[in-house]
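Asks: Encoded as structure tokens, here's the structure I'll be asking about.
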Amino acid sequence: MKTFLIVIGILVAFAVAIALYVSGVYNKLVDRSQAVDAQWAQVQNVYQRRADLVPNLVATVSGAANFEKSTLTEVTNARASVGKVQINSSGAPTDAAQLAEFDRAQGQLSSALSRLLVVSENYPSLKATANFQDLQAQLEGTENRISVERGRFNELARDYNAAIKRVPAAFFAGLFGFKEKAYFTATPGAERPPAVEFGDFSKPAPAKP
Numbered sequence: 007m008k009t010f011l012i013v014i015g016i017l018v019a020f021a022v023a024i025a026l027y028v029s030g031v032y033n034k035l036v037d038r039s040q041a042v043d044a045q046w047a048q049v050q051n052v053y054q055r056r057a058d059l060v061p062n063l064v065a066t067v068s069g070a071a072n073f074e075k076s077t078l079t080e081v082t083n084a085r086a087s088v089g090k091v092q093i094n095s096s097g098a099p100t101d102a103a104q105l106a107e108f109d110r111a112q113g114q115l116s117s118a119l120s121r122l123l124v125v126s127e128n129y130p131s132l133k134a135t136a137n138f139q140d141l142q143a144q145l146e147g148t149e150n151r152i153s154v155e156r157g158r159f160n161e162l163a164r165d166y167n168a169a170i171k172r173v174p175a176a177f178f179a180g181l182f183g184f185k186e187k188a189y190f191t192a193t194p195g196a197e198r199p200p201a202v203e204f205g206d207f208s209k210p211a212p213a214k215p
């Protein structure tokens with residue numbers, strides 16, 4: 007009887023040790039998953055900040071005489087396209103195709119805004135206004151912030167994805183519902199904000215027919 011109790015005690019202790027070990031693995035995965043989700047929320051925040059700047063920027067620029075309407079239309083349409091992309095709102099996306107669509111829409115808005123700033127160089131009176139200067143500075147600062155937050159998101163997503171594939175977590179991740187997170191697959195150099203290269207506007211623009 008005594009031996010039986012000892013065996014039972016050993017089995018119980020072993021089971022408790024296993025439970026504690028699995029709990030530790032689970033908690034670490036939860037922490038990593040929450041970190042990725044929190045960073046995804048930060049990425050969305052900086053993108054939203056940029057989107058919120060666009061209406062004021064367009065309104066300011068459209069007040070300039072003879073400003074190129076096609077450039078403003080491109081920016082407005084690109085911002086609208088960003089709003090149409092539906093993506094996971096409860097946490098970091100796990101669908102790579104969905105994130106790629108989101109990234110394409112945001113990239114189109116980045117390009118449109120860069121072109122708007124380039125064209126604005128041809129309007130000295132517009133560039134001299136305090137409101138435009140402030141909006142331009144905020145936009146450039148936001149682009150830099152986007153680059154930083156995207157890079158941080160990719161780091162956390164890759165760490166999490168690696169963690170759920172490593173032994174022993176790999177044995178429990180699927181059982182506990184931990185799925186791989188998608189991340190931005192940028193081309194080399196894309197982690198930097200788009201460069202705004204100004205053309206030579208010293209020569210007068212050709213007269214319109």
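Position in the sequence shown (from 1) plus 6 gives the number in my numbering.
Where is the CB? At the ideal position from N, CA and C, for every residue including glycine.
Do the stretch 52-71 and the stretch 81-100 touch if we need at least three Cβ pairs shorter than 8 Å?
Replies: Touching, yes.
Asks: To the nearest angstrom, how far is it from the Cα of Ser126 to the Cα of Arg156?
Replies: Between Ser126 and Arg156, the C-alpha separation is close to 28 Å.
Asks: Three or more beta-carbon pairs under 8 Å between the stretch 56-67 and the stretch 160-171, yes or no?
Replies: Short answer: they don't touch.
Asks: For Glu20, which residues from the same chain have a beta carbon less than 8 Å from its beta carbon, with the 5 sequence-adjacent residues on both sides left out?
Replies: Reading the sequence as shown, one finds Phe at residue 20 and not Glu. Taken in chain order, the list of residues that qualify is empty.
Asks: With 16 as the cutoff for other CB atoms within 10 Å, does Ala65 come out buried or exposed?
Replies: It counts as exposed.
Asks: Go ahead and label Ala111 buried or exposed: buried means 16 or more other beta carbons lie within 10 angstroms of its beta carbon, across all protein chains shown.
Replies: With 16 or more Cβ atoms within 10 Å of its Cβ, Ala111 is classed as buried.
Asks: Are there 16 or more other CB atoms within 10 angstroms of the CB of Leu145, so buried, or fewer, so exposed?
Replies: Flag for Leu145 reads buried.
Asks: Indicate the three-state DSSP secondary structure (helix, strand or coil) for Ile93 in the structure shown.
Replies: Ile93: coil per DSSP, three-state reduction.
Asks: Starting from Tyr166, trace the alpha helix (DSSP H) in both directions and tell me its first and last residue.
Replies: Element bounds for Tyr166: Ala136 to Lys171.
Asks: Do Ala102 and Asp43 have their beta-carbon atoms positioned less than 7 Å apart in this structure?
Replies: Not closer than 7 Å, so no.
Asks: Assuming Ala70 and Ser131 form a contact by the criterion Cβ under 8 Å, report the distance between their Cβ atoms to the nearest whole angstrom.
Replies: Between Ser131 and Ala70 the Cβ distance is about 7 Å, and since that is below 8 Å, they are a contact.
Asks: Classify Val49: buried if its beta carbon has 16 or more other beta carbons within 10 angstroms, exposed otherwise.
Replies: Buried: at least 16 other Cβ atoms inside 10 Å.
Asks: With DSSP as the reference, label Thr100 as helix, strand or coil.
Replies: In this structure, Thr100 counts as coil in the three-state DSSP scheme.
Asks: With a CB to CB cut of under 7 Å and the five nearest residues on each side skipped, what residues in its chain are close to Phe108?
Replies: The residues are Val91 and Ile93.
Asks: Determine the burial state of Thr193: buried for a count of at least 16 other Cβ atoms within 10 Å of its Cβ, exposed for fewer.
Replies: At Thr193, the pLDDT of 48 sits below 50, so the modelled position is not reliable and the matter cannot be decided from this model.
Asks: Would you check if the distance between the CB atom of Val154 and the CB atom of Leu122 is smaller than 7 Å?
Replies: No, Cβ-Cβ distance for Val154 and Leu122 is not below 7 Å.
Asks: Use the C-beta contact count for Leu141: other C-beta atoms within 10 angstroms, 16 or more gives buried, fewer gives exposed.
Replies: With 16 or more other Cβ atoms within 10 Å, it is buried.
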